[in-house]
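Enquirer: Can you read through this structure? Questions will come right after.
There are 2 protein chains.
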Amino acid sequence: MTDEKHPSAGAKAYDAIKAMILDGRLKPSASYLETELADQIRVSRTPVREAALRLEREGLVVVRPRRGMQVLPVSTADMAEIYQLLTVLEPLAAELAARRGLSEAELEAMERATQKMQDALVDGDLVSWAEADDMFHALLVQASGNRRLVEATGRYRTQVHRARMATLTMRPCPSSSTEDHRAVLHCLRSGDAEGARKIHAAHRAAAGELLIALLAKHSLDNL
Amino acid sequence: MTDEKHPSAGAKAYDAIKAMILDGRLKPSASYLETELADQIRVSRTPVREAALRLEREGLVVVRPRRGMQVLPVSTADMAEIYQLLTVLEPLAAELAARRGLSEAELEAMERATQKMQDALVDGDLVSWAEADDMFHALLVQASGNRRLVEATGRYRTQVHRARMATLTMRPCPSSSTEDHRAVLHCLRSGDAEGARKIHAAHRAAAGELLIALLAKHSLDNL
DNA sequence: GTACGCATCAATGCATACATTATTTCAAAT
DNA sequence: ATTTGAAATAATGTATGCATTGATGCGTAC
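Protein sequences, first through last, are from chains A and B. Going by this note's numbering, the residue at position 114 of the first sequence is 116; the numbering climbs one at a time, nothing skipped. Going by this note's numbering, the residue at position 75 of the second sequence is 77; the numbering climbs one at a time, nothing skipped.
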């Protein structure tokens, strides 16, 4: 998402379209013409086109010559690809973060996210749980200090969003995630880079396998 | 690079600008106005702007409000970031490729690239050597079968291009690279995923350290 | 002499107009 | 009836014009 409150029409178009994709207002496999979207967002075609190109590069849509912009359905194969990457990238982040030594503020933010996951689980609020989980991962990656790592994982996390949301209610109570996060936090505090990496790698690998198993089980191949 | 011969002005602008950056016609830290570039490439500002935005997303330039498009100098810190990523991404590719089992054609292409490296070394042709080395890595990543991995590593390889070229003549004769590549190829042939990953990880880690040491030694921080 | 402010200028960002091209439909012929 | 071709329509890709805005330079005042 673009940070500020929209100064430019370009950012406005990008944010609007991305939000529509993520919350399902733009359906996968359906096509949307530049003109339609421009009218809807109240900007001209130029910024819409700009946004479409950007979203295409981010892997959320394909722009097809005369058929408009199509929201890419996410397949099991895509999720497999992405989790292969996240399973090496996020553990790297954990390792780097541990090595760097984090400020108390950073650690506290991650602890708050973890606590929020636990609370959400008690309330049975799966959406909050997922948000807090995402937040933890985002903070961890940011703590690595590697900007490109932040950018890359952010992109993949966005692509996974729909699949995670779709499988949220099908998965067994994800209580072990909280423990994993706490274990990683412990390693980060004590500067145990190797431990952080290994624990987080196992955490990510398990998450990937679980997600893919769920998608396969429910034949969800066009989210 | 965009595959085909330019049907669209957008692709033409992108290819032209990217080529100018990579071969140094556009100098880092210098600024170039949309209009200048448009005149030079003989297209209007629109496709130039499109290309600039794309190149910005790819991390090659920054577009600054009234100062034009600035080619990003690559710093030692950038190289450190990128090598951290390549050091986990490419070994993953090696592992996946070994696991998948490659066709004879794929293996042969990689062998040809390795041979070309060796020949170039004999001839003392460092530019060919670098090209062949790049080719090997590109083929390896493609062999992983993970499209996102191909895209990501390709992007980083582009960003590293200038630094590699600058340090090409300073580095000690890189004869061990050929051996490393052969060792990886051996693992790929025999399906030794773990071996391929480890050897390639060591290869990449060494390359990163070497590059960064060279940059530091020669105080090259604004390529 | 220096600093601050205003005015001018230029570059971008956006909108719109235009041209190119693909797709679809309709008609005609086999 | 089906297939092929041609024409029309519609959407993209590109160019250009316009307005906004930031930067720069000059002048004046302290």
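Even glycine gets a Cβ: it sits at the ideal position worked out from N, Cα and C. All figures in this text were calculated on a predicted structure; none of them were measured in a lab.
1. Checking contacts by CB at 8 angstroms: is Val90(A) closer than that to chain B?
2. Select from Thr48(B), Thr116(B), Asp80(B), Leu35(B) the residue whose C-alpha is nearest the C-alpha of Arg184(B).
3. Against Ala53(A), what residues of chain B qualify as contacts under a CB-to-CB distance less than 9 angstroms, listed in chain order?
4. Which chain A residues sit within Cβ distance under 8 angstroms of Asn148(B)?
5. If you measure between the beta carbons of Leu213(A) and Met112(A), is that distance less than 8 angstroms?
6. Between Asp25(B), Val50(B), Glu83(B), Leu225(B), which lies nearest to Arg227(A) when the distance is taken from Cα to Cα?
7. Check for me: the alpha helix (DSSP H) holding Val124(B) runs from which residue to which?
8. Give the secondary structure of Ser33(A) by DSSP, where H, G and I count as helix, E and B as strand, and everything else as coil.
9. Within its chain, find whatever has a CB closer than 8 angstroms to the CB of Gly193(A); leave out the 5 residues flanking it on each side and keep chain order.
10. Mind listing which residues of the stretch 33-60 of chain A have their C-beta closer than 9 angstroms to chain B's C-betas, in chain order?
11. Please report whether the beta-carbon of Leu128(A) lies at a distance below 8 angstroms from any beta-carbon of chain B.
12. If the cut is a Cβ gap below 7 angstroms, which residues of chain A does Ala185(B) touch?
13. Spell out whether any CB of chain A is found under 8 angstroms from the CB atom of Leu142(B).
14. Within 10 angstroms of its Cβ, does Thr171(B) collect 16 or more other Cβ (buried), or is it exposed?
15. Let's test the definition: count the other Cβ atoms within 10 Å of the Cβ of Asn148(B) and tell me whether it reaches 16, buried, or not, exposed.
16. Under the rule that 16 or more other beta-carbon atoms within 10 Å means buried, what is Glu6(B), buried or exposed?
17. Would you kindly work out how many angstroms separate the C-alpha atoms of Val65(A) and Ser31(A), rounded to a whole number?
18. Cβ of Ala154(B) less than 8 angstroms from any chain A Cβ?
19. When Cβ atoms are compared, which residues of the stretch 91-102 of chain B fall closer than 9 angstroms to chain A?
20. Tell me whether Pro174(B) counts as near the ligand GDP, meaning its Cβ is closer than 7 angstroms to at least one heavy atom of that ligand.
21. Using a 10 Å radius around the Cβ and a threshold of 16 neighbouring Cβ atoms, would you call Ala107(B) buried or exposed?
22. On a Cα-Cα basis, can you pick out the residue from Ala145(A), Pro9(A), Met119(A), Glu181(A) that is closest to Glu133(A)?
23. For His220(B), which of Ala168(B), Ala13(B), Cys189(B) has the nearest alpha-carbon?
24. Please report the residue range of the alpha helix (DSSP H) in which Met22(A) lies.
25. Can you tell me which of Ser179(B), Asp41(B), Trp131(B), Met71(B) puts its alpha carbon nearest to the alpha carbon of Gly57(B)?
26. Any idea if Arg51(B) is buried or exposed, counting beta-carbon neighbours within 10 angstroms, 16 or more meaning buried?
Expert: Put simply:
1. Taking Cβ atoms only, chain B reaches closer than 8 angstroms to Val90(A), which makes this a yes.
2. Considering only alpha carbons, the answer is Thr116(B).
3. Per Cβ cutoff of 9 angstroms: no residues; Ala53(A) is ~10 angstroms from chain B at best.
4. Think of a sphere of 8 angstroms around the beta carbon of Asn148(B): the chain A residues whose beta carbon falls inside it are Glu83, Gln86, Leu87, in chain order.
5. For the 8 angstroms CB-CB criterion, Leu213(A) and Met112(A) do not form a contact.
6. Lying outside 3 to 225, the shown extent of chain A, residue 227(A) is not represented and no answer is given.
7. Per DSSP, Val124(B) belongs to the alpha helix (DSSP H) from 106-125.
8. DSSP places Ser33(A) within a strand segment (E or B) once states are collapsed to three.
9. Excluding positions up to five away in sequence, the list reads Ala100, Arg101, Gly103.
10. Under the 9 angstroms Cβ criterion, the stretch 33-60 of chain A contributes Thr48, Arg51, Glu52, Leu55, Arg56, Arg59, Glu60.
11. Chain B has no Cβ within less than 8 angstroms of the Cβ of Leu128(A).
12. Result: empty, since nearest Cβ-Cβ is about 21 angstroms, beyond 7 angstroms.
13. No, Leu142(B) does not count as interfacial toward chain A.
14. Residue burial is scored here from C-beta neighbours: Thr171(B) has fewer than 16 other C-beta atoms within 10 angstroms and is therefore classed as exposed.
15. With 16 or more Cβ atoms within 10 Å of its Cβ, Asn148(B) is classed as buried.
16. The predicted position of Glu6(B) is uncertain, since its pLDDT is 49 and thus under 50; a value taken from the coordinates is nonetheless stated next. Glu6(B) should be labelled exposed.
17. The straight-line gap from Cα to Cα measures roughly 12 angstroms.
18. Chain A contact via Cβ: present.
19. Shown in chain order are the members of the stretch 91-102 of chain B whose Cβ falls below 9 angstroms from a Cβ of chain A: Leu91, Pro93, Leu94, Leu98.
20. For the ligand GDP, the structure offers nothing, since it holds no ligand at all.
21. With fewer than 16 other CB atoms across the displayed protein chains lying within 10 angstroms of its CB, Ala107(B) is exposed.
22. The option with the nearest alpha carbon to Glu133(A) is Met119(A).
23. When Ala168(B), Ala13(B), Cys189(B) are compared, the shortest CA-CA separation from His220(B) is found for Ala168(B).
24. According to the DSSP assignment, Met22(A) belongs to the alpha helix (DSSP H) that extends over 11-24.
25. Sequence check: residue 57(B) is Leu here, not Gly. Considering only alpha carbons, the answer is Met71(B).
26. That one is buried.
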